[in-house]
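The listed protein sequences derive, respectively, from chains U and R. Its first residue numbered 22, the first sequence is counted upward by one per residue in my numbering. Its first residue numbered 79, the second sequence is counted upward by one per residue in my numbering.
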Amino acid sequence: GQQLNQSPQSMFIQEGEDVSMNCTSSSIFNTWLWYKQDPGEGPVLLIALYKAGELTSNGRLTAQFGITRKDSFLNISASIPSDVGIYFCAGQLSGSARQLTFGSGTQLTVLP
Amino acid sequence: DGGITQSPKYLFRKEGQNVTLSCEQNLNHDAMYWYRQDPGQGLRLIYYSQIVNDFQKGDIAEGYSVSREKKESFPLTVTSAQKNPTAFYLCASSIMTGAGNQPQHFGDGTRLSIL
Numbered sequence: 022g023q024q025l026n027q028s029p030q031s032m033f034i035q036e037g038e039d040v041s042m043n044c045t046s047s048s049i050f051n052t053w054l055w056y057k058q059d060p061g062e063g064p065v066l067l068i069a070l071y072k073a074g075e076l077t078s079n080g081r082l083t084a085q086f087g088i089t090r091k092d093s094f095l096n097i098s099a100s101i102p103s104d105v106g107i108y109f110c111a112g113q114l115s116g117s118a119r120q121l122t123f124g125s126g127t128q129l130t131v132l133p
Numbered sequence: 079d080g081g082i083t084q085s086p087k088y089l090f091r092k093e094g095q096n097v098t099l100s101c102e103q104n105l106n107h108d109a110m111y112w113y114r115q116d117p118g119q120g121l122r123l124i125y126y127s128q129i130v131n132d133f134q135k136g137d138i139a140e141g142y143s144v145s146r147e148k149k150e151s152f153p154l155t156v157t158s159a160q161k162n163p164t165a166f167y168l169c170a171s172s173i174m175t176g177a178g179n180q181p182q183h184f185g186d187g188t189r190l191s192i193l
């Protein structure tokens with residue numbers, strides 16, 4: 022089945038620094054999604070990407086859909102304490118009613 | 079407010095018991111999903127449903143059962159056959175369009191523990 026490799030597994034950064042994380046797949050996807058999960062809560066959708074090469078921003082967050090359709094990255098600029106959490110990528114095939122394939126997550130810690 | 083409501087937030091199960099986790103959505107979404115999350119891992123799909131009275135197994139359906147009698151409700155039963163049920167369970171829903179499923183939105187989860 023499809024697999025997503027998400028890296029890094031964890032990051033410790035200073036407040037104000039920029040962050041970058043990425044996901045690569047063994048198969049192509051038609052949609053890439055990035056979610057953030059706070060402890061004890063459900064994931065919240067940050068950015069959705071629908072087209073190869075697409076670059077989309079949401080405030081300090083920027084994500085890109087790789088042109089090979091097998092990868093995506095998420096950048097966070099000027100990190101703040103509330104950016105702490107687990108970030109998940111997810112890929113979806115159009116016409117695949119069933120599901121998303123999730124990466125294993127990147128645990129982000131922002132140090133004051 | 080529209081959203082996905084999961085209950086209870088915390089649930090404890092004795093050995094040999096079945097327990098049912100509730101998921102209700104008032105978003106008028108067609109599709110609903112159940113995922114299991116273990117520490118340090120991504121989400122794994124248990125079951126999903128695109129229409130009322132129909133559902134399909136995901137990747138780890140053994141030991142679980144679901145029903146979809148109403149569009150807004152998709153309860154998950156963790157049966158005694160599930161030998162390692164301790165996990166965080168997440169329910170999600172999405173709109174279905176001609177272009178396929180739109181992004182899934184999640185509830186706040188139920189944490190199940192074994193006594």
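Note that the Cβ used here is the ideal one computed from N, Cα and C, for glycine as well.
- Chain U places a beta carbon closer than 9 Å to that of L168/R, counting this residue as a contact.
- For T164/R, there is no enclosing beta strand (DSSP E), since its DSSP letter is neither H nor E.
- Residues of the segment 98-127 of chain R that bring their beta carbon within less than 9 Å of a beta carbon in chain U comprise A109, Y111, Y113, Q115, G118, Q119, G120, L121, R122, L123 and Y126, in sequence order.
- No Cβ-Cβ contact shorter than 9 Å links Q103/R with S158/R.
- Burial of G120/R is indicated by the presence of at least 16 other C-beta atoms within 10 angstroms of its C-beta.
- In chain order, F184 make up the part of chain R whose C-beta sits under 7 Å from the C-beta of P64/U.
- Apart from sequence neighbours up to five positions away, the residues of its chain that approach V130/R with a beta-carbon distance below 8 Å are R146, E147, K148 and K149, ordered along the chain.
- Your pair Y125/R and A170/R does not check out as a contact, with CB atoms roughly 11 Å apart and the cut at 8 Å.
- Under DSSP, T77/U takes part in a beta bridge, and its partners are A84/U.
- Boundaries of the beta strand (DSSP E) around E102/R: V97 to Q103.
- Among the residues facing chain R, Q85/U is not included, as its CB has no counterpart in that chain under 9 Å away.
- The DSSP-derived three-state label of S31/U is strand.
- A Cβ of chain U is located within less than 9 Å of the beta carbon of I82/R.
- The Cβ of R146/R sits no closer than 9 Å to any Cβ of chain U.
- The shortest C-alpha to C-alpha distance from S46/U to any of A84/U, S100/U, T122/U and K91/U is the one to K91/U.
- R122/R has its alpha-carbon roughly 10 Å from the corresponding atom of A139/R.
- Straight across, the Cα-Cα distance linking L67/U with V97/R is about 32 Å.
- DSSP places D108/R outside both helix and strand once states are collapsed to three, so it counts as coil.
- Annotated three-state conformation of S145/R is coil, per DSSP.
- For P153/R, no chain U residue has a C-beta closer than 9 Å to its own C-beta; the minimum C-beta separation is roughly 17 Å.
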